[in-house]
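Beneath this line is the structure, given in structure tokens, with notes to follow.
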Amino acid sequence: MTDNMGTLLNLPMMIDGKSVTSAQTIAVINPATEQVIGHVPDCTRAQLDEAVAAARKAFPAWRATPYAERQQVLHEISRVLAENAEELADILMTEQGKPRADALGEIHAASWWIVQVAQQELPVEVTDEMPGQRSITRHVPLGVVGAITPWNFPVVLGIWKIGPALLTGNTMVLKPSPFTPLSTLRLGELLQPILPSGVLNLVTGGDALGPWMTEHPGIDKISFTGSTATGRRVMASAAGNLKRLTLELGGNDAAIVLDDADVEAIAEPLFWAAFKNSGQICVATKRMYVHDSIYDDVAKALTRIAAEVQMGNGADPASRLGPIQNRVQFERVKSLVEDAKAQGLRFLTGGEVQGPGFFVPVTIIDNPPESSRVVQEEAFGPVLPLLRYTDIDEVIARANDVDMGLGGSIWSTNHDRAMEIAARLETGTVWINAAQALTPYAAFAGHKQSGLGIEQGLSGILEFTVPQTIHHAR
């Protein structure tokens, strides 16, 4: 890499347990400096075929591996993550842009998470025990899983897919985002000694590779995390052989701050609900509805915190927020800011985008119209509309009036009231006096166009299996 080590990091793919390069490569950019930090292979269609064939060949033996041994392999993956956390955090920080403390936190979170997945057991149910017959239902692996991960949390979201897929006896071909492939490829190198050949294959490539995977007849399931627009294309492409799908897609999450909320107590959590990872989180607060009676106090508190939080290169220990990860997303976020200016909206803070680097300052817009782009579109960046309301029924309707439903939050000192309102939100997850807290033991799913299928919990693990019922005549 070019930050601390001064050299480019050029990493291979992993196919059938071997390091594989290609004639063409893709440059990886540090979003804080816009400098090239490394190169990765641009996978050919033939190399993808090799990766799928390797996974298919490895499947029978891996499926037959006792469950306890597969659990132990997940523990070994956790160990590798923990023992190499410092190196992986340096790579992640430099390619993704997040502060190093956050990068290190992601590696440790991935190490912890996969252990929690490993501790869960697949159920075997006696579904019928009538005279003369008995039926049991068990859950068997699908085969080869194709995983496609995004650029905001490449390591932990990769583990979200690797853990349950391998635990349940599937083999995998995983493609990280071309914007953040280095940490995943380096992890693959570290895992080579502990994984049987072909069980996990890592491929990297540009825009063509994802569609090749989603339409590939040798892949039985696609697990995709990304935008809703891309999710639609994945779903259409996967129809050719009726692939199973898990799609974790976009969210335009609403926070509703009730009139009884303790502004001083919730100001910091509210700020980070919207701006952690510079807003590049699927369940970040994208719209914040604040009761008119405390709106001004909340606005002042958030503006004050924004002024205190340093944004900069993740290598600087003082930086608590980093850049937008890539130029494409940077331009999208900039266009929302420019549109808000063109509409004459009032900025409480931010709005001035300056380089070098893909930095967009924390930007809070004062009570824009509900119809404005900054409210209706998911920013996926540090841009937040702060919105007034007075009537609770009206604000619930406004919060629900979008085609996404990933997460939401309620902020109140009255637990029962907050629970009642939470039950009326059309989202897969609702937090009360918190946000973004996820657990490997609870289902995480999107409503509406925020996704298809389930991640996390036993329900999420079972997404990588298919039920098989066996009937005994007695």
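For the sequence shown, position 62 (counting from the first letter as 1) is numbered 168 according to my numbering, and the numbering increases by one without interruption.
C-beta atoms are modelled at their ideal positions from N, C-alpha and C, and glycine is treated no differently.
None of the values given here were measured: they were computed from a predicted structure.
Own chain residues within Cβ distance below 6 Å of residue i, not counting five before or after
{"i": "Ser125", "result": "Pro118"}
{"i": "Gln555", "result": "Thr334, Asp509 and Met510"}
{"i": "Asn358", "result": "Lys392, Glu484, Val508 and Met510"}
{"i": "Asn136", "result": "Ile143 and Thr200"}
{"i": "Ala271", "result": "Val251, Met278 and Phe570"}
{"i": "Pro467", "result": "Gly456"}
{"i": "Leu228", "result": "His245"}
{"i": "Gln222", "result": "Pro546"}
{"i": "Asp234", "result": "Ser241"}
{"i": "Arg176", "result": "Leu273"}
{"i": "Leu306", "result": "Met278"}
{"i": "Val232", "result": "Ile242"}
Nonlocal neighbours in the same chain, by C-beta distance under 7 Å from residue i, ignoring five residues either side
{"i": "Gly304", "result": "Asp122, Gly123, Ala160, Ala161, Lys163, Ala164 and Thr277"}
{"i": "Arg338", "result": "none"}
{"i": "Lys349", "result": "Ile325, Asp326, Lys327 and Ile328"}
{"i": "Thr127", "result": "Pro118 and Pro147"}
{"i": "Met111", "result": "Only weak support is given to the placement of Met111: the predicted model assigns it a pLDDT of 45, under 50, and the question is left unresolved by the model."}
{"i": "Lys204", "result": "Asn383, Gly420 and Gly428"}
{"i": "Arg426", "result": "Pro205, Val415 and Gln416"}
{"i": "Val230", "result": "Ile242 and Arg244"}
{"i": "Asn347", "result": "Pro323"}
Any non-hydrogen atom of the ligand SAM closer than 7 Å to residue i Cβ
{"i": "Val179", "result": "Although the ligand SAM was asked about, the structure shown includes no ligands whatsoever."}
Cα-Cα separation, residue i to residue j
{"i": "Asp196", "j": "Leu315", "result": "27 Å"}
{"i": "Leu642", "j": "Ala361", "result": "Given that the chain is displayed from residue 107 to residue 580, the structure contains no residue 642 and the question cannot be resolved."}
{"i": "Ser581", "j": "Ile372", "result": "A question about residue 581 goes unanswered here, because the residues of the chain that appear run from 107 up to 580."}
{"i": "Glu532", "j": "Arg504", "result": "11 Å"}
{"i": "Gly356", "j": "Thr334", "result": "5 Å"}
{"i": "Asp109", "j": "Gly144", "result": "Summary for Asp109: the model assigns pLDDT 42, below 50, so the residue's position carries little reliability; its value from the coordinates is reported in the next sentence. So the alpha carbons of these two residues sit roughly 11 Å apart."}
{"i": "Met525", "j": "Ser515", "result": "10 Å"}
{"i": "Asp365", "j": "Ile498", "result": "10 Å"}
{"i": "Ala224", "j": "Ser399", "result": "48 Å"}
{"i": "Ala170", "j": "Glu182", "result": "19 Å"}
{"i": "His214", "j": "Leu408", "result": "29 Å"}
{"i": "Gly332", "j": "Cys388", "result": "9 Å"}
{"i": "Ala413", "j": "Thr200", "result": "25 Å"}
{"i": "Met107", "j": "Gly463", "result": "Low per-residue confidence applies at Met107: pLDDT is 39, beneath 50, and the placement is therefore not dependable enough to give any value."}
{"i": "Leu210", "j": "Thr274", "result": "28 Å"}
{"i": "Leu291", "j": "Val572", "result": "30 Å"}
{"i": "Glu189", "j": "Gly294", "result": "14 Å"}
{"i": "Leu198", "j": "Val134", "result": "12 Å"}
{"i": "Ile576", "j": "Ile242", "result": "5 Å"}
{"i": "Trp537", "j": "Ala528", "result": "8 Å"}
{"i": "Phe465", "j": "Ala157", "result": "37 Å"}
{"i": "Ala540", "j": "Pro166", "result": "44 Å"}
{"i": "Asn520", "j": "Asp403", "result": "19 Å"}
Neighbourhood of residue i by C-beta, 8 Å cutoff - its chain only, sequence neighbours within 5 removed
{"i": "Trp219", "result": "Val262, Ile265, Trp266, Gly269 and Pro546"}
{"i": "Gly312", "result": "Ile132, Asp148 and Pro284"}
Which listed residue (the options) has its alpha carbon closest to that of residue i
{"i": "Pro282", "options": "Leu306, Leu296, Thr310 and Thr274", "result": "Thr310"}
{"i": "Val186", "options": "Ile567, Thr571 and Leu296", "result": "Leu296"}
{"i": "Leu154", "options": "Val279, Pro172 and His521", "result": "Val279"}
{"i": "Ala380", "options": "Arg433, Asp445, Gly559 and Ile470", "result": "Ile470"}
{"i": "Arg479", "options": "Ala446, Leu194, Phe486 and Pro467", "result": "Ala446"}
{"i": "Leu308", "options": "Ala344, Pro423 and Thr255", "result": "Thr255"}
{"i": "Val415", "options": "Asn383, Lys440 and Val404", "result": "Asn383"}
{"i": "Ser565", "options": "Lys440, Thr352 and Glu374", "result": "Thr352"}
{"i": "Ile430", "options": "Ile502, Gly385, Pro172 and His397", "result": "Gly385"}
{"i": "Asn116", "options": "Leu288, Val232, Val536 and Gln130", "result": "Leu288"}
{"i": "Ala345", "options": "Asp368, Val363, Leu114 and Pro317", "result": "Pro317"}
{"i": "Glu500", "options": "Met341, Gln298, His397 and Ala216", "result": "His397"}
{"i": "Gly513", "options": "Ala138, Ser184, Thr535 and Gly487", "result": "Thr535"}
{"i": "Ala138", "options": "Asn347, Asp422, Asn539 and Arg523", "result": "Asp422"}
{"i": "Pro260", "options": "Pro299, Phe330 and Asp234", "result": "Phe330"}
{"i": "Gly461", "options": "Glu140, Glu175 and Val232", "result": "Glu140"}
{"i": "Met120", "options": "Arg176, Glu175, Pro299 and Ala191", "result": "Pro299"}
{"i": "Val179", "options": "Arg151, Ser217 and Glu437", "result": "Ser217"}
{"i": "Val340", "options": "Arg580, Leu558 and Ile567", "result": "Leu558"}
Supposed close pair residue i, residue j - CB separation, criterion 8 Å
{"i": "His578", "j": "Arg240", "result": "4 Å"}
{"i": "Gln562", "j": "Ala543", "result": "No, Gln562 and Ala543 are not in contact; Cβ-Cβ is about 12 Å, not under 8 Å."}
{"i": "Asn432", "j": "Trp168", "result": "34 Å between Cβ atoms; not a contact."}
{"i": "Val459", "j": "Val443", "result": "6 Å"}
Within-8 Å CB hit, residue i to chain D
{"i": "Val501", "result": "Absent here is chain D; the protein component of the structure consists of one chain."}
Does the segment 386-393 come close enough to the segment 487-494 that 3 or more CB-CB pairs lie under 8 Å? Touching, per the Cβ criterion.
Quick test of the definition: if touching needs 3 or more C-beta pairs under 8 Å, does the segment 316-327 touch the segment 241-251? yes
Count Cβ pairs between the segment 433-452 and the segment 463-482 that sit closer than 8 Å; are there 3 or more? yes
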